[in-house]
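Undergrad: Read in order, the letters of the sequence shown correspond to residues 13 to 343 in my numbering. Handing you a structure now.
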Amino acid sequence: MQLEVLGKIRHPHLLLLLGACPERGCVVYEYMENGSLDDALNHRRNGTPPLAWYDRVRVAWEVATAVAFLHSARPDPIIHRDLKPANILLDRNLSSKVGDVGLSTALLHHSGAGGGGGQQQSTMVRNTTPVGTFCYIDPEYQRTGAVSAKSDVYALGVVVLQLLTGRTSPLGLAHAVETALEEDGGDSFAEMLDATAGQWPPKEARELAALALRCAEMRRRDRPGLREHILPALERIKDVAARAARETKALLVRTASSAAAPGHFLCPILQEIMEDPCVAADGYTYDRKAIETWVSMKDKSPMTNLRLPSKSLIPNHSLRSAIMDWSSKNR
């Protein structure tokens, strides 16, 4: 089944099958430089740097798009059945790809009831022995053996909760997050968020947690639809995360440039390369915006802590020219 499935499907966030050797019983996949999501969540153990919160949000969206693609396969939708961090791989750019579709099953078409003779798509298929990984298996599937698209939704919810909290064990995680969300003040929930991921935006983190808990509902009928509800919600949160990622990258670039620049090119307040250097009344040169913001709140020099005789600023044209010349040579 694995070779049949992987040999036919292509998606940016599904692991690419390169070949197989039936005689040896092995398959060859594309190489993923950063291992699995499980490795990333276990960064304290293996020494890999922790995933930033905005990367985690993006990974959640990428995984959801891959699963939605499987569910939309034709002629028969494909259910993964073993979605978990160990089966989500990260490439050199931390882009994620869902692997191990070996337990997948197709929701076969069957004839419609009622004498119409038309073909209707089945919403679930029954297996006598549920397969998958404990804590990620749909409780209804585990109880009845009936698997559906909502079975993958359940596992996705558990994975998202792990991305939020950084916990490698999903056991009891949904209950703990739900309890923390219900407490007044939000401090308990904030404490559950993985601090190694950086400063989570409170509103988006709560939205993501609430969405994950809906996905991890015990009853299949209480879980949201992947395309109708989950993907649009993740898309909104991902846009916020993408903006934060761009701002962080820009800040790192500025910081790196500042570290390499001559010391007198840096604003004493911001410690960044000045864009519009101006001499203040204390005789020191600052970036115009930085010193204007400073004097709007304080009347003392940032350097001497003495009272500034005036708020006048004189453009430092020679220094600005030197900075521009240096910048153009170091781009």
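Glycine included, every Cβ here is placed at the ideal spot set by N, Cα and C.
According to the neighbour-count rule (16 or more other Cβ atoms, all chains shown, within 10 Å of its Cβ), is glycine 129 buried or exposed?
TA: Position 117 of the sequence shown holds residue 129. Only weak support exists for where glycine 129 lies, its pLDDT of 38 falling under 50; the coordinates are left without a value.
Undergrad: Identify, in the order they occur along the chain, each residue of the same chain with its Cβ nearer than 6 angstroms to the Cβ of aspartate 50, setting aside the five sequence neighbours on each side.
TA: Mapped onto the sequence shown, residue 50 falls at position 38. Excluding residues within five positions, the ones whose Cβ falls inside 6 angstroms are Pro97, Ala98.
Undergrad: Can you tell me whether alanine 292 is helix, strand or coil according to DSSP?
TA: Numbered from 1 along the sequence shown, position 280 holds the residue referred to as residue 292. Coil at alanine 292, not helix or strand.
Undergrad: Classify serine 322 as buried or exposed, calling it buried when 16 or more other Cβ atoms lie within 10 Å of its own Cβ.
TA: Reading the sequence shown from its first residue, position 310 is the one you call residue 322. With fewer than 16 Cβ atoms within 10 Å of its Cβ, serine 322 is classed as exposed.
Undergrad: For the putative contact between leucine 318 and lysine 312, defined by C-beta atoms under 8 angstroms, what is the C-beta separation to the nearest angstrom?
TA: Numbered from its first residue, the sequence shown carries residue 318 at position 306. Numbered from its first residue, the sequence shown carries residue 312 at position 300. So it is a contact: roughly 6 angstroms between Cβ atoms.
Undergrad: Let me know if leucine 29 comes out buried or exposed under the rule of 16 or more other beta-carbons within 10 Å of its beta-carbon.
TA: Within the sequence shown, residue 29 is the residue found at index 17, counting from 1. Classification of leucine 29: buried, given that the 10 Å Cβ count is 16 or more.
Undergrad: Is the number of C-beta pairs between the stretch 205-215 and the stretch 149-159 that are closer than 8 angstroms three or more?
TA: No contact exists between the stretch 205-215 and the stretch 149-159.
Undergrad: Looking at the unbroken alpha helix (DSSP H) that takes in tyrosine 43, where does it start and where does it end?
TA: In the sequence shown, counting from the first residue as 1, residue 43 sits at position 31. It is not in any alpha helix (DSSP H) - tyrosine 43 carries neither H nor E in the DSSP assignment.
Undergrad: Closer than 6 angstroms by C-beta to tryptophan 65: which residues in its own chain qualify, once you throw out the five before and the five after it? Chain order, please.
TA: Sequence index remark: in the sequence shown, residue 65 carries index 53 (1-based). Closer than 6 angstroms at Cβ, skipping near neighbours: Ala209, Gly210, Trp212.
Undergrad: Nearest by alpha-carbon distance to lysine 250: which of Ser270, Ala271, Ala217 is it?
TA: Here residue 250 refers to the residue found at position 238 of the sequence shown. That would be Ala217, whose Cα lies nearest to the Cα of lysine 250.
Undergrad: Is arginine 86 closer than 8 angstroms to asparagine 46 when the C-beta atoms are compared?
TA: One-based indexing of the sequence shown puts residue 46 at position 34. One-based indexing of the sequence shown puts residue 86 at position 74. No, they are not a contact pair.
Undergrad: What does the alpha-carbon distance come out to for the pair asparagine 328 and arginine 258?
TA: Translated into positions along the sequence shown, residue 328 becomes position 316. Translated into positions along the sequence shown, residue 258 becomes position 246. In a straight line, the C-alpha of asparagine 328 is about 31 angstroms away from that of arginine 258.
Undergrad: Is it the case that the Cβ atoms of arginine 93 and serine 200 are separated by a distance below 8 angstroms?
TA: As a position in the sequence shown, residue 93 is number 81, starting the count at 1. As a position in the sequence shown, residue 200 is number 188, starting the count at 1. No. Outside cutoff.
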